[in-house]
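Novice: Structure provided below as structure tokens; questions to follow.
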Ligand SMILES: Nc1ncnc2c1ncn2[C@@H]1O[C@H](COP(=O)(O)OP(=O)(O)OP(=O)(O)O)[C@@H](O)[C@H]1O
Ligand SMILES: Nc1ncnc2c1ncn2[C@@H]1O[C@H](COP(=O)(O)OP(=O)(O)OP(=O)(O)O)[C@@H](O)[C@H]1O
Ligand SMILES: [Mg+2]
Ligand SMILES: [Mg+2]
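Protein chains in written order, with my numbering: chain A, 1 to 387; chain B, 1001 to 1340; chain C, 2001 to 2235; chain D, 3001 to 3254; chain E, 4001 to 4287.
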């Protein structure tokens, strides 16, 4: 079973600084370990930490509320996180370790390489993958024990395009990040843009992990005088790209891939002014899901910053997982838990709904309500999405 | 010949430990880590033959590792070729790439060779990363099959894969041992010690260097191919420079130019890095200085230090003591102003 | 002026020099004789601070200098012209010489004067002054090394086998030069294989054998010593 | 006549280190090259052994033009050399040094090494035997297990000889073989050279030790500023005015 | 045509940053034969220290940069004393691995102190200027001017001062240098000081046009190594020229050949140059 012997757990208390914090366990309670493997050191550490923070917040909350009950047995979570430096083979090794030493029924990982490396053996070794990636291949292969957390970006194409075309014009220059995600996004948006009668005048990508300066690329992207610039990637460098485009005299609008968040970009550009006319995802901070304000409040308290969607999604996912366990009546049967995710979604209390997730698809992907925002007159405005 | 017998003892011990391990400690995680470590060891042996015995420090080996891995991955996934055939082809492809690179790279020396090969390795990485249509780009390659059955033996379980890779490692060690203890090996060492002298002794240094380079690439490719079929997912990052630095670290900590070095170093560093996992974000805060200290206090690696220690003990009894072991690489430019 | 008392030198566990006692008086020209590996260079390197003695004291002008860094020792007035020359191969001959005057770098005039003196001593160096030192022939490099040492205007000059690899004509000149340097007031400690030529210009000498001093005496005494004649003069 | 140079010239930038030198090396003799420092002697050797390629002129070995051959090919023809600064594989033992010296006369390759073929076993033994033979010849068997870096200067010079001899040469080029060793030891090396000639090996050497040269050499060439200024027997050279002026000086000592 | 001028300027800007980083690296590499892979970490710390000075104490940009130069320079010295000095007789590969150890440590350290996220450095020189038909910000102009000034100063220091020559002398023969009375340990420290200072200048100048984060050193370090080899190891003019060559290759290559393959172009160019000139464009004499 996946129950750790409570007496083995050190009672290190709830300090959020220690990474694998064991919950305080009282008589008769049992512990369920949840695994996490992501980049906690190296260049991608900022990303890994944000994802982990979301999980941690949820776990702490659940434990502080006395855990959860299944058939009169009280359980608490023990989040065990391991660093994989963004390397797939390290993720695989970490997963083996988590299974061997902590018997984790679920392992979260926020990068597609690691997820794919785990998918090689997760059905055989029977654990559920909490996949934070919108890489389609992760769900396309029919892995029965994978849950994809973030929404797929398909839904953004239409509203983004129509907003940008209406407000700025038909000429698009694409300059997103060169990650797979960025490429997939571009491959989806470019044909769509053209279908709608637009013209794509430039299409290339920026590698934020290799380029020291973006001026060269932005100059090239702007040379055909586009009306709209499609950019994206981590918020901060994306913001730099936007800012430099303005410096180079670009006056059109930005269409911002969902990985970047307008509010985080604003922190870099200094004001929303240089982002005027942008269309992107609604920042979590401006979202009006039922559970958002409370989450933001709590997160700020812990980490002194406004959370992004990575943290938000992980937080929700953890809560859904708990509900699914309850619905399945088991903490250690990944199959049963997977089969009851939908029940978990339905059972999720409103105050936990940092995002509203309606359902889990056939392929194991969450379907989230999309919310879109634009910057108009130096302020964030919500754009209605008409399905 | 006495030392050979002693070596035998070590080797038998190592084989016994390797064979018995899964029974003594049936732990899936350890098994996984160890299998992976064996794969690294094979690559490190390849590197050792070149850097340790011939004196050419190649930083292109992560690239060769990736070529081997992608060779196997693409052949099996895209053409559906038989695993074993693909494995052989992958190694041959890597050797061929090694040959081409070596032909030019080996004209440079020392730092230039190191950086030249660093660039070659980086170009290989970039090509894998950019050539989406062939390699899948950053997305990587999924669905690489495990080794196909040989007659009744199948390689579906982690234990069977462990033994398979262990066997490859033993094969590698055997080949290395035989090369090093032969005229050919002496020739390599002669090149390491003084290339000019070797040439005036009638040794065709280019031919020999090229041979080592190709062979060394072959083992990097073999390791890469085994990696691909073990992890069964590969992305461009296996060709990135961090991998070559890892390999170098294993080699150096273990002892460059020694036969035991690759095993000792890889095992030690892998174990260390795994056991520091509890430090999470800050493990590099400990690992980094530890690595640096190891290098400072055991400059010849663990195996080298052991060797020195034995030498010292032996020489303490002799009338004319040995000089202190010097580093094998001498700064040519400093030691001799000019020939003649 | 220089006094080595019970000095031993070790490389690892190997004792290269054991308990030697040497003294050099002001203005003297003292020669160290001995076959290869006897420990002459080791002694020199220890005096000039490249090597630390494992035991014993070295006193120069009444101040102990053992264990001091080589740069300090140069500043105190001891300059070595090493056996393997230790030139700066890619710097020009002139730059090498100027670097030799490093300790006097604030006295530009003096450095220039020394430069002229060295050029006078070795005209070939003037001819090649803009060539990189590494492209000189063995003998030319040796002259440059001596010239560089002289640039520091040492009180005590240590010359480690200056005649190695030199043509007979040059060897002769070299010994003349050494004698001249000595007569001009520089104390010289010379290590040589070429015992005959060395003893002809020396005041006193020490004979090294496997790390110990086995014979010492004035030049005449040594020249008259049968054992020395046999081993080092070959007659 | 074993080797011959025709109008051999080597320039470094603007400097002509060897200028139009015609020279023949007589078989079975001791040929010496002398000259002031920087005369171009070592450069001349480097040209003959292929370490440098000439700027002009040709080198012949037994009538074959070997001007542009790389050093390893020339060595295989039977030309061996030592360097002015003794060059050994410092980290290997004396024996291992010399074993490698015979490598060029073997053909076993990686395959043989990995599969331990008959040829492998045969050639390992052959190299070892050869090494023992030349070590005996240079009288060094007592230090054969020492590290080459840790033996005395004189022993190193002998190892350098042994290395050259292990290549089964017909001619050896020795660049100042006795530099830096004392008179007693110098004599030992001189008799070793004579022994080599008795064995039928042609010797060609550079030396500054006139006493030895005059006694040893059958034929002497004098270089000065890269040019040949004299050639002949010891007596002829001793009495050649140009040589005395350029090189020997009055005393002709040491 | 416009775009050409613009891209030349962009290449110049990026080349300036590369050159400055490469200069620090080439000094240490050429003189002490240490391939200091931790140089990228010094660069990163240079940016963080300037940033912290500005944010925490509201110090003016230039003063903050000066502080950073000093601190990072001292850090370089510390690195030399603690790690490279004990390794001075070891072959370069040891330095390489030791340097990687330092790199890992410093990155983790930065993450501990400043966190893993991206930071922005505000500069007082954010204004957009238009010159000769191209667009730039004052900061970018400053990068170009600053780099040239630093290069000239460095060149004069090495060529015209005695202390500068001691650095060169030591590059060629360490023992020889100590035999003429040079304190080699001090020169080694000085070299590291210079190297760290150069890294800090480069980082402080370029941080405002990019971002500050623990991994930022990776952006430049590999390229800097390429540059110093391209230019000829240890060659100061080589490092400068190499930096600009790489800068132009990137900007013009991205414009006229292919953006996606511009890195490959740059590295291929190096491979080709080294194939033709195995010792780099300038050999050591160029110092
Ligand atoms: N760096 C070193 N490490 C180990 N042993 C050394 C070192 N330098 C010298 N030795 C040994 O110390 C002994 C004395 O050497 P040293 O160079 O002082 O002799 P020498 O009298 O100067 O000889 P030579 O005539 O060759 O210059 C020799 O056996 C030598 O091998
Ligand atoms: N690689 C080189 N580059 C430039 N000049 C060189 C080179 N090698 C030798 N020279 C020059 O060529 C000339 C001849 O040098 P060489 O070494 O042949 O002299 P040598 O006769 O052997 O002298 P010695 O007796 O001092 O060893 C010298 O002037 C030297 O400076
Ligand atoms: Mg010579
Ligand atoms: Mg000596």
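We put the CB at the ideal spot given by N, CA and C, even for glycine.
Quick one: grab the DSSP three-state call for residue 149 of chain A.
Specialist: Looking up residue 149 of chain A in the first chain gives position 149. Correct three-state label for residue 149 of chain A: coil.
Novice: I'd like to confirm something about residue 2092 of chain C: is its beta-carbon nearer than 7 Å to some heavy atom of ligand 2, or not?
Specialist: Translated into positions along the third chain, residue 2092 of chain C becomes position 92. No.
Novice: According to DSSP, simplified to helix, strand and coil, what is residue 3231 of chain D?
Specialist: Mapped onto the fourth chain, residue 3231 of chain D falls at position 231. Strand.
Novice: Below 8 Å on the Cβ atoms is my contact criterion, and I expect residue 1091 of chain B with residue 1225 of chain B to pass it. Report the Cβ-Cβ distance as a whole number of Å.
Specialist: As a working mapping, residue 1091 of chain B is identified with position 91 in the second chain. As a working mapping, residue 1225 of chain B is identified with position 225 in the second chain. Their Cβ separation, rounded to whole angstroms, is 6 Å, which keeps residue 1091 of chain B and residue 1225 of chain B in contact under 8 Å.
Novice: Do the region 36-43 of chain A and the region 81-97 of chain A meet, that is, are 3 or more Cβ pairs less than 8 Å apart?
Specialist: Segments in contact, yes.
Novice: Per DSSP, what kind of secondary structure is residue 246 of chain A in: helix, strand or coil?
Specialist: In the first chain, counting from the first residue as 1, residue 246 of chain A sits at position 246. The answer is helix: DSSP assigns residue 246 of chain A an H, G or I state.
Novice: Kindly identify the DSSP beta-bridge partner or partners of residue 171 of chain A.
Specialist: For this step, residue 171 of chain A is matched to residue 171 along the first chain. Answer is A:199.
Novice: If we define contact as Cβ-Cβ less than 8 Å, is residue 1138 of chain B a contact residue for chain E?
Specialist: Start at 1 with the first residue of the second chain, and residue 1138 of chain B comes out as number 138. Answer no: the Cβ-Cβ gap between residue 1138 of chain B and chain E never drops below 8 Å.
Novice: Can you have a look at residue 3107 of chain D and say buried or exposed, based on whether 16 or more other CB atoms are within 10 angstroms of its CB?
Specialist: Here the question's residue 3107 of chain D lines up with position 107 in the fourth chain. Classification of residue 3107 of chain D: exposed, given that the 10 Å Cβ count is below 16.
Novice: On the three-state DSSP scale, how would you describe residue 2235 of chain C?
Specialist: Stepping through the third chain from its first residue, residue 2235 of chain C is reached at position 235. The predicted model places residue 2235 of chain C with a pLDDT of 47, which falls under 50 and marks its position as unreliable; any figure quoted below should be read in that light. Coil, per DSSP.
Novice: Which chain E residues sit within Cβ distance under 9 Å of residue 2174 of chain C?
Specialist: For this step, residue 2174 of chain C is matched to residue 174 along the third chain. By Cβ distance, chain E contributes nothing, its closest Cβ being about 19 Å from residue 2174 of chain C, past 9 Å.
Novice: Can we say the region 328-336 of chain A touches the region 101-120 of chain A, given the rule of at least three CB pairs closer than 8 Å?
Specialist: Counting Cβ pairs under 8 Å, three or more are found: they touch.
Novice: Given the structure, does residue 3241 of chain D come close to ligand 2, in the sense that its CB is under 7 Å from one of the ligand's heavy atoms?
Specialist: Position 241 of the fourth chain holds residue 3241 of chain D. Residue 3241 of chain D Cβ: outside cutoff for every heavy atom of ligand 2.
Novice: Beta-carbon separation of residue 1270 of chain B and residue 1302 of chain B under 8 Å?
Specialist: Indexing the second chain from 1 puts residue 1270 of chain B at position 270. Indexing the second chain from 1 puts residue 1302 of chain B at position 302. Not a contact, by the Cβ cut-off of 8 Å.
Novice: Would you mind telling me which residues of chain E sit closer than 8 Å to residue 1008 of chain B, beta carbon to beta carbon, in chain order?
Specialist: In the second chain, residue 1008 of chain B corresponds to position 8, counting from 1. Result: empty, since nearest Cβ-Cβ is about 30 Å, beyond 8 Å.
Novice: Rounded to whole angstroms, what is the Cα-Cα separation between residue 3118 of chain D and residue 3131 of chain D?
Specialist: Taking the first residue of the fourth chain as position 1, residue 3118 of chain D is located at position 118. Taking the first residue of the fourth chain as position 1, residue 3131 of chain D is located at position 131. Distance between the alpha carbons of residue 3118 of chain D and residue 3131 of chain D is about 20 Å.
Novice: Given 7 Å as the limit, tell me if residue 3041 of chain D has its C-beta closer than that to any heavy atom belonging to ligand 2.
Specialist: Position 41 of the fourth chain holds residue 3041 of chain D. For residue 3041 of chain D, the CB falls within less than 7 Å of some heavy atom of ligand 2.
Novice: What are the residues that DSSP puts in a beta bridge with residue 2204 of chain C?
Specialist: Indexing the third chain from 1 puts residue 2204 of chain C at position 204. Answer by DSSP bridge pairing, in chain order: C:2030, C:2218.
Novice: Let me confirm a value: residue 1231 of chain B is counted as buried when at least 16 other C-beta atoms fall within 10 Å, else exposed. Which label applies?
Specialist: By 1-based counting over the second chain, the position of residue 1231 of chain B is 231. Result: buried.
Novice: Going by Cα to Cα distance, which pick from D:3031, D:3008, D:3114, D:3073 is closest to residue 3043 of chain D?
Specialist: As a working mapping, residue 3043 of chain D is identified with position 43 in the fourth chain. Measuring from the Cα of residue 3043 of chain D, the nearest candidate turns out to be D:3008.
Novice: Under three-state DSSP, which class holds residue 4181 of chain E?
Specialist: Start at 1 with the first residue of the fifth chain, and residue 4181 of chain E comes out as number 181. Residue 4181 of chain E falls in the coil class under three-state DSSP.
Novice: Please confirm if residue 190 of chain A has its CB atom under 8 Å from at least one CB of chain B.
Specialist: The residue you call residue 190 of chain A lines up with position 190 of the first chain. With 8 Å as the cut-off, residue 190 of chain A does not count as an interface residue toward chain B.
Novice: Counting only the same chain and skipping the five closest in sequence on each side, list residues whose C-beta sits under 6 Å from that of residue 4151 of chain E.
Specialist: As a first step, residue 4151 of chain E must be located in the fifth chain, where it is residue number 151. Closer than 6 Å at Cβ, skipping near neighbours: 4240.
Novice: Can you tell me where the alpha helix (DSSP H) holding residue 314 of chain A begins and where it ends?
Specialist: Counting from one through the first chain, the residue named residue 314 of chain A turns up at place 314. It spans 309-328 - the alpha helix (DSSP H) in which residue 314 of chain A sits, taken as one unbroken run.
Novice: With H, G and I counted as helix, E and B as strand and the rest as coil, what does DSSP make of residue 1002 of chain B?
Specialist: Within the second chain, numbered from 1, the residue matching residue 1002 of chain B stands at position 2. For residue 1002 of chain B, the predicted model reports a pLDDT of 39, less than 50, meaning its position is unreliable and no value from the coordinates is stated.
Novice: Please name the residues in the region 1063-1097 of chain B whose beta-carbon is closer than 9 Å to at least one beta-carbon of chain A, in chain order.
Specialist: none
Novice: In the structure shown, what three-state DSSP assignment does residue 47 of chain A receive?
Specialist: Position 47 of the first chain, counted from the start, is the residue given in the question as residue 47 of chain A. Looking at residue 47 of chain A - three-state DSSP - the assignment turns out to be helix.
Novice: Would you report the Cα separation of residue 1337 of chain B and residue 2022 of chain C, rounded to the nearest angstrom?
Specialist: As a first step, residue 1337 of chain B is located in the second chain; it is residue number 337 there, counting from the start. As a first step, residue 2022 of chain C is located in the third chain; it is residue number 22 there, counting from the start. Confidence at residue 1337 of chain B is low in this model, with a pLDDT of 31, below 50, so its placement is unreliable and the value that follows should be read with caution. Residue 2022 of chain C has its alpha-carbon roughly 31 Å from the corresponding atom of residue 1337 of chain B.
Novice: Hey, is residue 92 of chain A close to ligand 2, as in C-beta under 7 Å from one of its heavy atoms?
Specialist: Within the first chain, numbered from 1, the residue matching residue 92 of chain A stands at position 92. No.
Novice: Of the residues A:154, A:169, A:221, which one's Cα is nearest the Cα of residue 175 of chain A?
Specialist: The count along the first chain starts at 1 and reaches residue 175 of chain A at position 175. Cα-wise, what sits closest to residue 175 of chain A is A:221.
Novice: From the beta carbon of residue 1024 of chain B, is the nearest beta carbon of chain D less than 8 Å away?
Specialist: Looking up residue 1024 of chain B in the second chain gives position 24. Not one chain D Cβ lies under 8 Å of residue 1024 of chain B.
Novice: Find the residues of chain B that neighbour residue 3075 of chain D, judging by a C-beta separation of less than 9 Å, and give them in chain order.
Specialist: In the fourth chain, counting from the first residue as 1, residue 3075 of chain D sits at position 75. Result: 1199, 1200, 1201, 1202, 1203.
Novice: May I ask you to list, following chain order, the residues of the region 2196-2218 of chain C that have a beta carbon less than 8 Å from some beta carbon of chain E?
Specialist: Those would be none; no residue qualifies.
Novice: What I want to know is whether the C-beta of residue 3017 of chain D ends up closer than 7 Å to one or more non-hydrogen atoms of ligand 2.
Specialist: In the fourth chain, residue 3017 of chain D corresponds to position 17, counting from 1. Residue 3017 of chain D: yes, Cβ under 7 Å from ligand 2.
Novice: DSSP three-state call for residue 1148 of chain B: helix, strand or coil?
Specialist: The residue given as residue 1148 of chain B occupies position 148 in the second chain. Residue 1148 of chain B: coil per DSSP, three-state reduction.
Novice: Of all the options E:4121, E:4105, E:4190, which has the alpha carbon lying nearest to the alpha carbon of residue 4027 of chain E?
Specialist: Position 27 of the fifth chain, counting from 1, holds the residue named residue 4027 of chain E. Answer by Cα proximity: E:4190.
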